[in-house]
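Accompanying notes for the structure given below.
In the working numbering, the protein residues as written are 1 to 750.
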């Protein structure tokens, strides 16, 4: 059983992976020949122990099984080819003599000689597939540079190893007519894909543990008992074909095919003597429930969450400790641990477990390392784990998951047309006309924004919205339909556009097709986060003479009363601090406006690419703004980056503007407009608030972390900031306490 779950390939991801590649049957016996390049991609993985996610024993999937590479003639050039094939930019080293442990099975390649330009290790010269004089004591490994190739689709995914009998798809066939119409289907006869049709599973010796595994695969966190008598009469009338004769799951597997199974013999009769087709019933998570009274009873975890995922049920794993959210390090991260997280959040078992911050890096503490769940725990907090020391882990090792979710059919009610690629187009939804007939129709572009586009792209299964468009005149309009929806307003978290608010009857000023709503979807987007502790460390008050503020006044960086001042005499009181804005997402942050529309600011001698990039505000206890620092225009560039990441953007000389993934833009406390004008503010307790990308003009994977708040005490001469934090860094309860905070009690000011 352990061998089944310890390996790293899920041959059968339900139900979307029927296009998995299979290895070719090319073989060669001559030492200098190169295996022929194939149209499908060779599967490569890193495995072994102990290791980080970017290093390990190299294994290749060929002829339906995993095997290793011999270290004879191995070189750093071979390692470069393999690392690029795995989605890393290059290799930093390679290992010999089974440093990451001995593999098992075939040694697929020996005496491999690459030139370095090959796209795949199979294009390099070698002795040919399976032709080797080595033992597993000579298994080769690689160490890859921990930097992903931008836009690389395949991932450093931890998968489950399964039996040779590939059960690629499983479904529940409902018996009751009413159940067939309602999605998700939670109860029915278990059927497995077999040849060109479907076959049943014999229920002799069937246990609730088998049901648990199947429910998890189908996206449901819990199983429930089923009334067999209800189905007995129906099943006796049906002609069944049994492909699977016995199932013996332990309950912790992530897929039926990872359980010990007994298949029908080709020549035997396909009966199930004394038994009948297996029937199961599953309990959906609250998100997928029709019955609202049950929803309240089934609570999902409040101390675990997923962040940064493009689709429902995926994201970086974050856990709550002492009212503050933090991440989980990916050492020993595996599918059983990922499944515990998925189930406690109301999803099924884990489809994939990710390492290497595949869903973006977190910013807060890292709480857990070497998590070792068995798979039956109620929460990740119940699993053994190691506490973190600062040397152990970095945020580039944040663990993530992709969970199985129930099939809801939502993608069948939306489509995009007219775009230049399959990821863009006018949004069309399926709606009923007065006669009850379904016809496709457009959405009015008025009021359509990034939030609505995010929901549309999620419903389409295309990831994030890179842009939400109110006009689509530049796309093909040969087959446009009528408008059927207007006034769409989403919070951004809905599963489909039908769950968003919209007009009961169409009301659209510009009803022509060229003014219909459109989207450009993307697998990856940016995610900006402010360094809250730096704001707290750098804050101070400056009384700045008016004669030094002409440029700032021109850029509208002072409060309104400055216009009535006796220029150039007198001064303005400024609350100054540094802003360090990190891009922790998976794509570069670029201004929405093209460079043709950037504005030259003579007094600061550079182009500003965004009108509003950040709001700086001081709020009183009831949330009213008492002072603001219009950080009206910005120039975006890479001030500095994490090790191994190169700067790409620089404002000087009309350069490209943006913030690279893994880099940050620093606005020092001593530059113009990096302040809030508090000249008119009376002494008291306030909340200081900074909001990045406030109008959500540029797409991000997460807008909840765009605001930063601090408690602020001003005594008329000095200022103290306390408790600075990102908007989603604390628990809801701690955030409520923060909002009611009466003032600083710990800074020796009464």
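Glycine residues also receive a C-beta, built at the ideal position from the N, C-alpha and C atoms.
Exercise for the section: Grab the span of the alpha helix (DSSP H) containing residue 483 for me, first residue to last. Expected result: For residue 483, no alpha helix (DSSP H) segment is defined; the enclosing uninterrupted segment is the beta strand (DSSP E) at 483-485.
Practice task
Note the first and the last residue of the continuous alpha helix (DSSP H) segment covering residue 725.
Solution key: From DSSP, residue 725 is part of no alpha helix (DSSP H) but of the beta strand (DSSP E) over 719-726.
Problem - Which of helix, strand or coil DSSP assigns to residue 380 - result: helix
Practice task
Between the Cα of residue 181 and those of 61, 408, 82, spot the shortest distance and give me the residue it belongs to.
Solution key: 408
Handout entry: Span separating the alpha-carbon of residue 734 from that of residue 726
Key = 12 Å
Handout entry: Buried or exposed (CB count within 10 angstroms, at least 16 for buried), residue 108
Key = buried
Exercise for the section: Identify which residue in 271, 248, 690 has its Cα closest to the Cα of residue 752. Expected result: Shown here, the chain extends from 1 to 750; a query on residue 752 therefore has no answer.
Handout entry: Check whether residue 85 and residue 120 have beta carbons under 8 Å apart
Key = yes
Handout entry: Among 201, 557, 731, 195, nearest to residue 188 - alpha-carbon criterion
Key = 201
Handout entry: Euclidean distance between Cα positions of residue 31 and residue 72
Key = Residue confidence is low: residue 31 scores 38 on pLDDT, short of 50, so the model does not pin down where it sits. Its coordinate-derived value is still stated next. Straight-line Cα distance between these residues: approximately 12 Å.
Exercise for the section: Kindly indicate which residue of 194, 359, 229, 113 has the alpha-carbon position closest to the one of residue 583. Expected result: 359
Practice task
Measure the Cβ-Cβ separation of residue 257 and residue 203 and say whether it is below 8 Å.
Solution key: Not a contact, by the Cβ cut-off of 8 Å.
Problem - Assigned exposure category for residue 434 - 16 Cβ within 10 Å defines buried - result: Exposed, since its Cβ has fewer than 16 Cβ neighbours within 10 Å.
Practice task
From the DSSP output, in three-state form, read off residue 737 for me.
Solution key: helix
Exercise for the section: For residue 405, name the three-state secondary structure that DSSP assigns. Expected result: coil
Exercise for the section: Give the range of the alpha helix (DSSP H) segment to which residue 81 is assigned. Expected result: 76-85
Practice task
Tell me whether residue 569 sits in a helix, a strand or coil according to DSSP, three-state version.
Solution key: coil
Practice task
Note down the Cα distance separating residue 87 from residue 702, rounded to an integer number of angstroms.
Solution key: Taking the CA atoms as reference points, residue 87 sits about 24 Å from residue 702.
Handout entry: Nonlocal neighbours in the same chain, by C-beta distance under 8 Å from residue 232, ignoring five residues either side
Key = 276, listed in sequence order.
Handout entry: Burial state of residue 678 (16 or more Cβ within 10 Å)
Key = It counts as buried.
Handout entry: Cβ pair residue 351, residue 383 closer than 8 Å
Key = no
Problem - Residue burial classification, residue 652 (beta-carbon count within 10 angstroms, cutoff 16) - result: exposed
Practice task
Return the chain-ordered list of same chain residues with a C-beta closer than 7 Å to the C-beta of residue 509, the five sequence neighbours on each side being excluded.
Solution key: Hits under 7 Å: 446.
Problem - Residue ranges of each beta strand (DSSP E) within the region 391-479, 3 or longer - result: 400-403, 414-418, 424-432, 438-443, 464-469
Handout entry: N-terminal and C-terminal residue of the beta strand (DSSP E) that residue 521 is part of
Key = 518-522
Exercise for the section: Please go through the same chain and pick out, in chain order, the residues whose beta-carbon is closer than 6 Å to the beta-carbon of residue 448, but skip the five residues on each side of it. Expected result: 468, 470, 517
Handout entry: Contacts around residue 511, its chain only, beta-carbon distance under 8 Å, and the 5 residues preceding and following it disregarded
Key = Result list for residue 511: 444, 483, in chain order.
Problem - Contiguous beta strand (DSSP E) assignments of at least 3 residues, all confined to the region 60-136 - result: Correct list: 65-69, 91-95, 106-109.
Handout entry: Where residue 359 falls: helix, strand or coil (DSSP)
Key = coil
Practice task
Leaving out five residues on either side along the sequence, give the residues of the same chain with a beta carbon under 7 Å from the beta carbon of residue 284.
Solution key: 184, 186, 220, 406
Practice task
Name the residue from 401, 59, 397 whose alpha carbon lies nearest to the alpha carbon of residue 344.
Solution key: Looking at the Cα atoms, 401 is the closest of the given residues.
Practice task
Go to residue 536, then tell me how far its alpha helix (DSSP H) extends in each direction, as first and last residue.
Solution key: 532-538
Practice task
Less than 8 Å between the CB atoms is what I'm expecting for residue 525 and residue 461, so what's the real figure, rounded?
Solution key: Between residue 461 and residue 525 the Cβ distance is about 16 Å, and since that is not below 8 Å, they are no contact.
Handout entry: Minimum C-alpha distance to residue 544 - residue among 564, 519, 523, 576
Key = For residue 544, the closest of 564, 519, 523, 576 by C-alpha to C-alpha distance is 576.
Exercise for the section: Measure the C-alpha to C-alpha separation of residue 18 and residue 338 and round it to an integer number of angstroms. Expected result: Confidence in residue 18 is poor, its pLDDT being 30 and thus under 50, which makes the residue's placement unreliable; the coordinate value appears in the next sentence. One C-alpha to the other measures close to 23 Å.
Problem - Whole-angstrom distance between residue 608 and residue 634, CA atom to CA atom - result: 5 Å
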